[in-house]
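Student: Shown below is the structure under consideration.
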Amino acid sequence: MKWFVKEDSVVREIWGNADTILFIFAGASAEFAVNKSVDWLYFTGKLPADPLARLFSTVTYSRRIVFSEYHAALQAIDQITAIHQKVEKERGAQIPDWAYRDVLFMLIDYSIRSFELLERKLTQVEKAEVFEVFYQVGSRMGIGGLPTDYDAWLIMRNQQLDENFVKSAFSIDLYKQYKKHLGLPRYVMLKEVQVRLVPQHINQLLSLGSWSVLKMVLPAYKIARSFRLHQFVKDLILPAKYKMEIAGLDAR
37 MKWFVKEDSV VREIWGNADT ILFIFAGASA EFAVNKSVDW LYFTGKLPAD PLARLFSTVT
97 YSRRIVFSEY HAALQAIDQI TAIHQKVEKE RGAQIPDWAY RDVLFMLIDY SIRSFELLER
157 KLTQVEKAEV FEVFYQVGSR MGIGGLPTDY DAWLIMRNQQ LDENFVKSAF SIDLYKQYKK
217 HLGLPRYVML KEVQVRLVPQ HINQLLSLGS WSVLKMVLPA YKIARSFRLH QFVKDLILPA
277 KYKMEIAGLD AR
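With positions in the sequence shown counted from 1, the corresponding number in this note's numbering is that position plus 36.
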């Protein structure tokens, strides 16, 4: 059987860990809020109505692709493309390639950042492997202007961070929705993760600050994982609505 992602790939290690996926989710929630194309996410009304579900759909589609047989993964990518084409038709406008690239770049970056924060530093070869998987996704979707290797992606990612993000009324509203749907304790925890995770420019736009209690909590959480107590911790911090979904993301 041919897999979309090799069975021994570090990408499977990253996306087979619910903890890492939660951190990817946290980073994505920050970037969605300040992306200049966030109005597309507001167009259908799904994002402000249930931002957690919308963000989970992004990461669960990505995970489905990572662990699928090759042709099944292509079908999943084509389904994503069809969903976006439907939104474009309803709005009577086309989502720009740079907006597609932003989401793809976000998944590459937070896959690397989350794994390194929770597990270990990745080698350059492993980082290139992460890039290659999502490059194949973007290529199948027909996204124009994609970089062809990890080094070129790194240059474009830095340019993108400088050019494609701004704090707007959408940003403020979306964080209000995060707070509403998560509740105050979980909302505070989301922002603590974002402080440690997001690039400096995103941090500055959202005024997240430079210090996070996560710096002290994370080592203890890693110890809890070694004694299999981390599920108890996750049960405390996750909305009950999503506990089953998150449990299903953990391939370990």
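Heads up, the beta-carbon is just placed ideally off N, CA and C, and yes, glycines get one too.
I'd like the ranges of any alpha helix (DSSP H) spanning at least 4 consecutive residues and lying wholly in the stretch 215–257.
Tutor: Whole alpha helix (DSSP H) segments, 4+ residues: 220–233, 236–242.
Student: Could you work out which residue in 99, 117, 229, 170 is closest to residue 140 when comparing CA atoms only?
Tutor: The shortest C-alpha separation from residue 140 is found at 170.
Student: Can you find the residues in the same chain that come closer than 7 Å, C-beta to C-beta, to residue 39, ignoring five residues on each side of it along the sequence?
Tutor: Closer than 7 Å at Cβ, skipping near neighbours: 105, 106.
Student: Taking the alpha helix (DSSP H) that residue 158 falls in, what are its first and last residues?
Tutor: Where residue 158 is concerned, there is no enclosing alpha helix (DSSP H), given that its DSSP letter is neither H nor E.
Student: For residue 71, which of helix, strand or coil comes out of DSSP?
Tutor: Reduced to three states, the DSSP call for residue 71 is strand.
Student: Whole angstroms is fine: what's the gap from residue 5's alpha carbon to residue 253's?
Tutor: Absent from the structure is residue 5, since the part of the chain shown begins at 37 and ends at 288.
Student: Rounded to a whole number of angstroms, what is the C-alpha to C-alpha distance between residue 46 and residue 112?
Tutor: C-alpha separation (whole angstroms): 21 Å.
Student: Which term fits residue 127, buried or exposed, when burial requires 16 or more other beta carbons within 10 angstroms of its beta carbon?
Tutor: Classification of residue 127: exposed, given that the 10 Å Cβ count is below 16.
Student: Given residue 151, which residues of its chain have a CB within under 6 Å of its CB, disregarding the five upstream and five downstream residues?
Tutor: 50, 56.
Student: Tell me where the alpha helix (DSSP H) around residue 184 begins and ends.
Tutor: Where residue 184 is concerned, there is no enclosing alpha helix (DSSP H), given that its DSSP letter is neither H nor E.
Student: For residue 43, name the three-state secondary structure that DSSP assigns.
Tutor: Coil at residue 43, not helix or strand.
Student: Mapping DSSP to helix, strand and coil, what is residue 59?
Tutor: The answer is helix: DSSP assigns residue 59 an H, G or I state.
Student: Using 8 Å as the threshold, is the stretch 127–136 in touch with the stretch 205–214, meaning 3 or more CB pairs across them?
Tutor: No, because fewer than three Cβ pairs between the stretch 127–136 and the stretch 205–214 fall closer than 8 Å, the two stretches do not touch.
Student: Could you tell me whether the stretch 90–100 touches the stretch 218–226, using the rule of 3 or more Cβ pairs below 8 Å?
Tutor: With the cut-off at 8 Å, the stretch 90–100 and the stretch 218–226 do not touch.
Student: If you count every other CB in all the chains shown that lies within 10 Å of the CB of residue 255, and 16 or more means buried, which is it?
Tutor: Answer is exposed; the Cβ neighbour count stays below 16.
Student: Is it a yes or a no for the stretch 173–183 touching the stretch 52–66, going by three-plus beta-carbon pairs under 8 Å?
Tutor: Output reads no: the stretch 52–66 does not touch the stretch 173–183.
Student: Quick check: what's the CA-CA separation for residue 87 versus residue 217?
Tutor: Cα to Cα, the separation comes out at about 8 Å.
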